[in-house]
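Asks: If you count by my numbering, then the sequence shown holds residues 85 to 284, one letter each, in order. I have a structure I would like to understand better, so I am pasting it below and will then ask my questions one at a time.
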Amino acid sequence: MVEKIYVHFPVPWDKKPHRRIISKAFIEEAIRVLNIQGTLELRTDSDNYYMYSYETLMSLRQLSLEVHKNRAIAISSKYEDRWRLMDKNIYDLILHNTEESPLQPSPGTFAFPPHLLNVTRLHELNGKTVTFEEGFIHFERLYSIEGGGMLLRLSLGSFERPEHLYLMFGDKETIYFPQEPIATRTNHAIHRQLIKELHG
């Protein structure tokens, strides 16, 4: 369990709001991992991002929320100091977790079935993007490995938290490279969808 999560000055993505870190899914995941009275602290200088985040937080179940404008904090960055000299606003939203989350069952592993290498199918997927409710998979580029096998560059994940990684296909096994995706419920759902796409 976690005591504090800090989201300080995230990119506001005013033209692409689906890419914002603050979302219902992110807040629910934060509440799940926070201790009782643990906090999620957002700090932003964007009026639009502040309003969006405030409305998103208020739309969730009962919670304890602090709202501050131009709060003096013990340590501030040069950026914040310069912003204050320009009379620009800095907003703080602090969510206090009031509920204990039950332990979640493991959503599974990131293992692939054996013998998944299908060169024809990989060429069909090359450059393709698949979207669904949980997120997306973009099959960016396919490479041949000297000595056999294939390497596929992927972007995948939820729209607000995509990851970039590779799939390495050998004769007998398929693995993520250089590491597996972050173990979230969303990424496990996307992994299952990826297996379906690879099978065609």
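Note that CB positions come from ideal geometry on N, CA and C, so glycine has one too.
Between the segment 212–224 and the segment 188–197, do three or more beta carbon pairs fall short of 8 Å?
Replies: The segment 212–224 vs the segment 188–197: no contact.
Asks: Report all residues from its chain with a CB closer than 8 Å to the CB of THR140; omit the five preceding and five following residues, and keep chain order.
Replies: If you number the sequence shown from 1, residue 140 lands on position 56. For THR140, where only same-chain residues beyond five positions count, the Cβ hits under 8 Å are ILE106, SER107, LYS108 and ILE111.
Asks: Where do the N-terminal and C-terminal ends of the beta strand (DSSP E) with HIS222 fall, by residue?
Replies: Counted from its first residue, the sequence shown places residue 222 at position 138. Here the beta strand (DSSP E) through HIS222 covers 219–228.
Asks: Less than 8 Å separating the beta-carbons of LEU179 and LEU147?
Replies: The residue labelled residue 179 in the question sits at position 95 within the sequence shown. The residue labelled residue 147 in the question sits at position 63 within the sequence shown. Yes, these two residues count as a Cβ contact at 8 Å.
Asks: Are ARG205 and LEU282 close, meaning C-beta to C-beta below 8 Å?
Replies: Looking up residue 205 in the sequence shown gives position 121. Looking up residue 282 in the sequence shown gives position 198. Against a cut-off of 8 Å, the Cβ pair of LEU282 and ARG205 comes out as a contact.
Asks: With a threshold of 8 Å, are at least 3 pairs of Cβ atoms found where one atom belongs to the segment 118–128 and the other to the segment 86–98?
Replies: The segment 118–128, when compared against the segment 86–98, does touch it at the 8 Å Cβ threshold.
Asks: Is there contact between the segment 148–157 and the segment 170–184, where contact requires at least three CB pairs shorter than 8 Å?
Replies: Touching, per the Cβ criterion.
Asks: With DSSP collapsed to three states, give me the class of VAL117.
Replies: If you number the sequence shown from 1, residue 117 lands on position 33. Here VAL117 sits in helix by DSSP.
Asks: Counting only the same chain and skipping the five closest in sequence on each side, list residues whose C-beta sits under 6 Å from that of ARG269.
Replies: Stepping through the sequence shown from its first residue, residue 269 is reached at position 185. The answer, listed in chain order, is PRO191.
Asks: Give the single residue among GLY233, LEU226, GLY232 and GLU230 whose Cα lies nearest to the Cα of SER239.
Replies: For the purposes of this step, residue 239 is identified with residue 155 of the sequence shown, where counting begins at 1. Minimum Cα distance to SER239 is reached at LEU226.
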